[in-house]
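There are 2 protein chains.
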Amino acid sequence: MAPTDDPSVPPLRRRGARMRSAVLAATVDVLTEHGLAGTTVGAVARAAGVHETSVYRRWGTREKLILEALAEQLDTAVPLPDTGDLRSDLVGYFGTLASLLATPQGEALLRLSAERDSGLPDHRLAYWTDRLDRGAVMVRRAVDRGELPPGTDPALVIEAVSGPLFTRALISGAPLDEVFATRLVDLVLDGARAVKPGA
Amino acid sequence: MAPTDDPSVPPLRRRGARMRSAVLAATVDVLTEHGLAGTTVGAVARAAGVHETSVYRRWGTREKLILEALAEQLDTAVPLPDTGDLRSDLVGYFGTLASLLATPQGEALLRLSAERDSGLPDHRLAYWTDRLDRGAVMVRRAVDRGELPPGTDPALVIEAVSGPLFTRALISGAPLDEVFATRLVDLVLDGARAVKPGA
DNA sequence: ATCCTAACGCAAGGTGACTTGCTTTACGCG
DNA sequence: CGCGTAAAGCAAGTCACCTTGCGTTAGGAT
Chain A
1 MAPTDDPSVP PLRRRGARMR SAVLAATVDV LTEHGLAGTT VGAVARAAGV
51 HETSVYRRWG TREKLILEAL AEQLDTAVPL PDTGDLRSDL VGYFGTLASL
101 LATPQGEALL RLSAERDSGL PDHRLAYWTD RLDRGAVMVR RAVDRGELPP
151 GTDPALVIEA VSGPLFTRAL ISGAPLDEVF ATRLVDLVLD GARAVKPGA
Chain X
1 MAPTDDPSVP PLRRRGARMR SAVLAATVDV LTEHGLAGTT VGAVARAAGV
51 HETSVYRRWG TREKLILEAL AEQLDTAVPL PDTGDLRSDL VGYFGTLASL
101 LATPQGEALL RLSAERDSGL PDHRLAYWTD RLDRGAVMVR RAVDRGELPP
151 GTDPALVIEA VSGPLFTRAL ISGAPLDEVF ATRLVDLVLD GARAVKPGA
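Here the protein sequences line up with chains A and X, keeping their order.
Counted from 1, the first sequence has number 84 at position 84 by the UniProt record's numbering; the numbering is strictly sequential.
Counted from 1, the second sequence has number 153 at position 153 by the UniProt record's numbering; the numbering is strictly sequential.
Below, the structure is given as structure tokens:
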């Protein structure tokens, strides 16, 4: 029951809209500059020229705040290529993903997605599962084209390539670049192309 | 220079040793029962019948405490198989790893290893990098046996299998069992066996 | 132009991680 | 057997996350 449902009036930027943008922008700024651990609610509120309580009232937790700020800024990334050649598709897709994960924002987004203990049950999962499900489409197309055997599990191929990327971002800290992504794609693709002996 | 090196006297449980065991045992108990988020230093201290300050003096941070408790309890897991057949080795190794990651303790250990923001620079990495490096030995042996082409990168093979396991434990929450581990091993192994065309 | 209300500011408080200075006591050594 | 010391208890305090009740004001509605 919003009191401003009438479509005849302009966007009607209430006080809240400006405050919201200011805080989200400040969140990304602080995050980029001071890292995930340095991104305290107080620091963000200070940077946005807003009271801490207002942030908590609107977003509830530090986590939701950062998640929303990142989602707002990153949701155009990682397009789905369709070049007609699976290897090209995957190299492009996962190369972009690796570059994204190498940025402070990408790493923060992944890191927050990994924190399952507190509060939200699966909201943060949406971002990554969505991207991986969409990625499986590329593999499915290749199976239809005959590039891969019919028994291929698209989800397994996607998991096999993305998993090591995530692991480098979250745990080992080893370099995350297109070279690594390409080597993974080649390894997994060669495996998928092999004709299974037993079955 | 421990003051009790003399082997003629019994274990000589000083006040500290009993306190240490009590706290570490209590940590695992609390962890198993209340999860990682519910494992507060106060709760552990209370369960061990010890003052909170003593815990902080000995372990410094909550993180180090849990890490030490888990390492103490888990360090006998994941032996390195050597069956003479790489697939058997890998299926055994990663099957055990998957089972470990499926337990609350294993997941907590991995989760703590992923928190790189605060304090310690690489201490928690030791556990997993050590295990993965040791895993690479299995692949190297297989290359020597001629099971895999000489150009094979053992670390890449290990990363390709372990990465998806870690990702399921940390992010997707999808089932972590021997079946999944086996399918990954087969996929990656088929890829590694394929003769690279370009090179 | 004026009023109403939701959004914001503010202050105070609760919890958990972590620290510090001081007291007390259990060890184990002489 | 007592004595010195290091380890443990204790109390108080800081900082960040998060909550709550109440006052204040900006905005749109009338």
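A virtual CB, placed ideally from N, CA and C, is assigned to each residue, including glycine.
Glu159/X belongs to the set of residues whose beta carbon lies under 8 Å from a beta carbon in chain A. Pairing Ala48/A with Ala17/A gives a Cβ-Cβ distance that is not under 8 Å. The three-state reading of DSSP puts Ala194/X in coil, since its state is none of H, G, I, E or B. Chain order gives no chain A residues near Pro150/X, where near means a beta carbon separation below 8 Å; the closest approach is about 16 Å.
Here the alpha carbon of Ala102/X sits roughly 31 Å from the alpha carbon of Glu52/X. Excluding its 5 nearest sequence neighbours in each direction, Leu132/A has C-beta neighbours in its own chain below 8 Å: Ala155, Ile158, Glu159 and Ser162, listed in chain order.
At least one C-beta of chain A is nearer than 8 Å to the C-beta of Ala114/X.
A Cβ-Cβ contact shorter than 8 Å links Thr167/X with Thr167/A. Pairwise C-beta distances place the region 88–103 of chain X in contact with the region 177–186 of chain X, as three or more of them are shorter than 8 Å. In the DSSP annotation of this structure, the continuous segment of the alpha helix (DSSP H) that includes Val91/X starts and ends at Leu86 to Ala102. The C-alpha of Leu170/X is placed about 17 Å away from the C-alpha of Leu31/X. By the C-beta density criterion, Ala37/X is exposed, having fewer than 16 other C-beta atoms within 10 angstroms. Of the candidates Ile66/A, Thr129/A and Ala45/A, Ile66/A places its Cα closest to the Cα of Ala108/A. Of the other Cβ atoms in all chains shown, fewer than 16 fall within 10 Å of the Cβ of Asp144/A; this residue is therefore exposed. Considering only beta carbons, the part of the region 164–193 of chain A lying closer than 9 Å to chain X consists of Pro164, Leu165, Phe166, Thr167, Arg168, Leu170, Ile171, Ser172, Gly173, Ala174, Phe180, Arg183, Leu184, Asp186, Leu187, Val188, Leu189, Asp190, Gly191, Ala192 and Arg193, in chain order. Of Ser172/A, Arg134/A and Leu189/A, the smallest CA-CA separation from Pro149/A is found for Leu189/A.
For Asp153/A, there is no enclosing alpha helix (DSSP H), since its DSSP letter is neither H nor E. Remark: C-beta atoms of Ala69/X and Thr27/X approach each other more closely than 8 Å.
Contact note: Thr129/A reaches chain X through Ser172, using a C-beta cutoff of 7 Å and chain order. Of the candidates Arg183/A, Ala45/A and Gly60/A, Arg183/A places its Cα closest to the Cα of Val91/A.
The C-alpha of Thr83/X lies about 42 Å from the C-alpha of Thr61/X. The straight-line gap separating the alpha-carbon atoms of Pro164/X and Pro164/A is approximately 6 Å. In this structure Val55/A does not touch Ala43/A by the C-beta definition: roughly 11 Å separates them, more than the 8 Å allowed.
As the crow flies, the alpha-carbon of Arg20/A is around 12 Å from that of Arg57/A.
Against Leu156/X, the close residues of chain A are Pro164, Phe180, Arg183, Leu184 and Leu187, in the order they occur along the chain (beta-carbon pairs closer than 9 Å).
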